[in-house]
Structure formats: C-alpha cells, structure tokens
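Residue numbers (mature numbering (1 follows the signal peptide of the UniProt record, and there is no 0)): -22 to -1, 1 to 118.
Backbone N, C-alpha and C define an ideal beta-carbon position, used for all residues, glycine too.
Predicted, not measured: the structure shown is a model, and the values here were computed from it.
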C-alpha cells in the first residue's frame, strides 16, 4: 500500500511542476475593421492574425518587432499613428505584391515588394534605402 501511495504522490508532484503551459486568449479569426471606408483599413499593431492573402509589416528586420497585417486589396493612405517611417521588413502571403510609397496618400517615390526580410540590407535594386521610409501602402 505504501509504494502505491508514494507513486501516486510522485505523480501528482511531477504533474503539478511539469510541462503544463499557460493558456492565453487567442485572437478571433478575422477581426478586420474598415471603419465604414471600403478599401481602407486602419490597423492597430500586434493584434491581427496573419492573413491568408495579404502582407504583414514589421518595425524590425527579419520579421520581428511590432507588426500589423492587412489583406490583399487593402489600401492604407497612411500608417497607424506614430509608425510612419518605421517599417524594416515585410512578409507577404498568397502571392501578393506590396506597393510602398515614401509619402502619405500614395505619393512620392514608390516601389513594389514581395517578402523582404531587411529593407536596410538590400544592396542593389529598388529596395535600397527603403528602411524606415514607408508612409503608405497598397497590397494587391
């Protein structure tokens, strides 16, 4: 009887101290909000799941830092408050292209991107010099 009690106690102790991970609330499937403006999406950082067809924009290279994601067809005439000129990497999904503009309202110099892990590290081509320069985007 004593070995059974000891085995049961050991099982309880190991189970309580072991590998259980905390459960965090998961984001809802599609919390996209157009605020009554078709084709315009006003995102907030760090809140949205990766889209099936769209793009995610990151404040740091290699898809790190704060992010926001938009779906294909979305047009952002300006980035969320305080985050214009802060994009350092872009990840695209579902064969979309991102047209990035250096100024608000789709003006100024522009360039088309796919996935770019580091906008500051590209040495040739149209990506050169686009780190922390993006102010508006179109995702197609």
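Where residue i falls, given that 16 or more other Cβ within 10 Å makes a residue buried
i	result
residue 73	exposed
residue 75	exposed
residue 32	buried
residue 52	buried
residue 124	There is no way to answer for residue 124, as the model of the chain reaches only from -22 to 118.
residue 85	exposed
residue 111	buried
residue 69	buried
residue 109	buried
residue 57	buried
residue 118	exposed
Range of the contiguous beta strand (DSSP E) that encloses residue i
i	result
residue 87	85 to 91
residue 94	Element bounds for residue 94: n/a, residue is neither H nor E.
residue 32	32 to 38
residue 117	114 to 117
residue 43	42 to 49
residue 67	67 to 71
Residues sharing a beta bridge with residue i, DSSP
i	result
residue 81	85
residue 54	115
residue 76	91 and 117
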